[in-house]
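Note that the numbering used here has the sequence shown beginning at 686, numbered continuously upward. Take a look at the structure below.
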Amino acid sequence: TEEEILSNENDIDRLEKSIRDKEPMIKLAMTRQENRHSRPGMDLVRDEVSYGLCDEIQQLKAEKRALEDQLKQTKHAWNILQQQLHRIEDEIAVKSNSIMLENRT
686 TEEEILSNEN DIDRLEKSIR DKEPMIKLAM TRQENRHSRP GMDLVRDEVS
736 YGLCDEIQQL KAEKRALEDQ LKQTKHAWNI LQQQLHRIED EIAVKSNSIM
786 LENRT
């Protein structure tokens, strides 16, 4: 269980980093799109590049949402493992105490 907890903690760190890494990519794509729309003579131009930028932004946001969902699930699993570990530690303490009491008699 402790190994599983450590593995989950590593997964949580990795997922949080991946989410942080998506932010600049999303901002860059949105800035590129905004700059493209604010150029002179680009009134309501919807060409391949414009659609490509929209698709890129949607894709990056979808990837970020998927990572956030995975992070939520991993944190939930980590909480369950922590509860199991505490239960096991409590059981060990009770059994150790019982053995100690039996040895006294």
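Glycine included, C-beta positions come from ideal geometry on N, C-alpha and C.
Do you know offhand how far residue i's Cα is from residue j's?
i: A778; j: R789; result: 17 Å
i: N720; j: E708; result: 18 Å
i: N693; j: Q755; result: 11 Å
i: R724; j: K757; result: 40 Å
i: H722; j: N764; result: 46 Å
i: G726; j: L752; result: 38 Å
i: Q767; j: Y736; result: 46 Å
i: E787; j: I773; result: 21 Å
i: K702; j: N782; result: 44 Å
Once you ignore the five residues that flank residue i on each side, which residues in its own chain have a CB closer than 7 Å to its CB?
i: R717; result: L738
Between the beta-carbon of residue i and the beta-carbon of residue j, is there less than 8 Å?
i: I704; j: L745; result: no
i: K760; j: I690; result: no
i: E688; j: L770; result: no
Measuring alpha carbon to alpha carbon, tell me which residue in the options is nearest residue i.
i: E748; options: T686, L700 and D732; result: L700
i: L713; options: L766, Q768, N695 and E741; result: E741
i: Q743; options: M715, A762 and E733; result: M715
i: N695; options: I784, R750, A762 and D732; result: A762
i: D706; options: R731, R750, V734 and D732; result: R750
For residue i, collect the residues of the same chain with a Cβ closer than 6 Å to its Cβ; drop the 5 residues on either side in sequence, then sort them by chain order.
i: E776; result: none
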